[in-house]
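Colleague: Structure below; questions to follow.
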Amino acid sequence: MSAPLKNYFLVYAPDLPNAQRAKHSPEHMKQNVPLVQSGCIVAGGGLLPQDVNSSDANVLGKITGSFLVVQAETMETAWETLKKDAFYTSGEVWDREKITVTPVFVGVPSVE
Numbered sequence: 018m019s020a021p022l023k024n025y026f027l028v029y030a031p032d033l034p035n036a037q038r039a040k041h042s043p044e045h046m047k048q049n050v051p052l053v054q055s056g057c058i059v060a061g062g063g064l065l066p067q068d069v070n071s072s073d074a075n076v077l078g079k080i081t082g083s084f085l086v087v088q089a090e091t092m093e094t095a096w097e098t099l100k101k102d103a104f105y106t107s108g109e110v111w112d113r114e115k116i117t118v119t120p121v122f123v124g125v126p127s128v129e
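Below, the structure written as structure tokens:
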């Protein structure tokens, strides 16, 4: 029997006003390292305001949300993974009402 087909999903997760990102970052990272290692999370990072560049000083303090590219069998599976994240479960980081999960085609899955 062949392995299940994997699909890609783009997660857009804006933060709540006054998000407690620093408080929950250690648990968030602890949870996500194995997901990155297994290939479930293909890419991810922070959303920045339009006037901020990723090379700016103190950029981590300017993050306004998260993005992820997730590989999963179904959108429901992608949501299940997302809902286990500390930024979601805490209720103090991501604005759950504004999170979107969108199917995407990844033309370049990895760059060496």
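The opening residue of the sequence shown carries number 18 in the numbering used here; numbering runs sequentially from there.
Each residue gets a CB set at the ideal place from its N, CA and C atoms; glycine is no exception.
Being a predicted model, the structure only gives us computed values, none of them experimental.
Compute the beta-carbon to beta-carbon distance between Ser83 and Leu52, rounded to the nearest angstrom, for a pair I have assumed lies under 8 Å.
Modeller: Sequence index remark: in the sequence shown, residue 83 carries index 66 (1-based). Sequence index remark: in the sequence shown, residue 52 carries index 35 (1-based). Contact flag wrong, Cβ pair sits at about 13 Å.
Colleague: Say whether chain C places a C-beta atom closer than 8 Å to the C-beta of Lys40.
Modeller: Judged by its chain identifiers, the structure shown contains no chain C, having just a single protein chain.
Colleague: Can you say whether Asp73 is buried or exposed, counting buried as having 16 or more other CB atoms within 10 angstroms of its CB?
Modeller: As a position in the sequence shown, residue 73 is number 56, starting the count at 1. Asp73 comes out exposed.
Colleague: Work out the CA separation of Asn35 and Gly56 for me, nearest whole Å.
Modeller: Here residue 56 is taken as the residue at index 39 of the sequence shown, counted from 1. Here residue 35 is taken as the residue at index 18 of the sequence shown, counted from 1. Taking the straight line from one Cα to the other gives about 31 Å.
Colleague: Of the choices Val125, Gly124 and Pro120, whose alpha-carbon is the least far from that of Asn24?
Modeller: Counted from its first residue, the sequence shown places residue 24 at position 7. For Asn24, the nearest C-alpha among the options comes from Pro120.
Colleague: Does the Cβ-Cβ distance between Asp32 and Thr94 come in under 8 Å?
Modeller: The count along the sequence shown starts at 1 and reaches residue 32 at position 15. The count along the sequence shown starts at 1 and reaches residue 94 at position 77. For Asp32 and Thr94, no; Cβs fall outside 8 Å.
Colleague: When you compare each of Tyr29, Gly78 and Ala39 to Ala60 by their alpha carbons, which one comes out closest?
Modeller: Taking the sequence shown and counting its residues from 1, the one referred to as residue 60 is at position 43. When only C-alpha atoms are compared, the closest one is Tyr29.
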